[in-house]
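J.: Quick one: the structure is below, and I'll ask about it shortly.
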Amino acid sequence: MEHSKTGTRELVIKTAIKVYDSPASMTQADQKLLAEAKAAMEDSYSPYSQFKVGAAILLDNGIILRGSNQENAAYTMCICAERVALATADSQFQGVPVVAIAVTATSKNHALNKPISPCGACRQSIAEAEYKHNTKMKIIMQGETGEVYEVRSGMDLLPLGFDGSVL
Ligand SMILES: [Zn+2]
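Residue 0 is where the sequence shown starts when you use numbering that gives the first Met the number 0, and the numbers rise one by one after that.
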């Protein structure tokens with residue numbers, strides 16, 4: 000941080016992303032979570048976008064829950080896979096922290112060989128889950144194939160994120 004004579008300064012926020020060449024380089028536990036996310040895509044209801052998203056979350060008690068995107072003809076009603084999984088955790092395992100989430104997708108229109116990442120709304124929901132339990136949620140991201148990205152916390156994807164600590 001350098002102070003200039005004009006009374007301004009620049010803050011630089013860095014995010015470390017761990018990149019795996021493929022899931023084979025990950026731990027067995029993380030491979031399993033990603034495999035669960037891929038399996039979750041089978042339950043995607045995405046007749047409009049043809050974009051199937053699967054998420055799997057690992058709870059602190061070892062339980063894995065799946066979520067998939069659920070679309071609606073009224074587009075604004077669509078719910079992302081990540082928030083489906085997080086809401087399942089909130090409704091069935093209230094009080095149990097989520098320690099990791101894996102997200103993956105497949106598109107009917109083109110090959111997804113780059114990791115996909117949670118949308119802004121899902122990042123906010125992940126941040127809420129972290130704030131609620133005072134924990135960090137590892138996020139594992141992959142496309143249909145290719146490299147896997149991993150960050151240590153939802154806040155790594157939501158710099159200057161808003162949470163309950165300011166209220
Ligand atoms: Zn989302």
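Glycine included, each C-beta is placed from N, C-alpha and C at the ideal position.
Hey, which unbroken runs of the beta strand (DSSP E) at 3 residues or more fall wholly within the segment 42 to 129?
T.: Those beta strand (DSSP E) runs which fall completely within the segment 42 to 129 and span 3+ residues are 50 to 58, 63 to 67, 97 to 106.
J.: What separation, rounded to the nearest whole angstrom, lies between the Cα atoms of Val165 and Leu159?
T.: Straight-line Cα distance between these residues: approximately 12 Å.
J.: If you count every other CB in all the chains shown that lies within 10 Å of the CB of Val11, and 16 or more means buried, which is it?
T.: Val11 comes out exposed.
J.: So, with DSSP's three-state summary, where would you put Glu149?
T.: Looking at Glu149 - three-state DSSP - the assignment turns out to be strand.
J.: Using the Cα positions of Gln69 and Val83, report the straight-line distance between them to the nearest angstrom.
T.: So the alpha carbons of these two residues sit roughly 8 Å apart.
J.: Sort Tyr44, Glu35, Ser116 by Cα distance to Met76 and report the nearest one.
T.: Looking at the Cα atoms, Tyr44 is the closest of the given residues.
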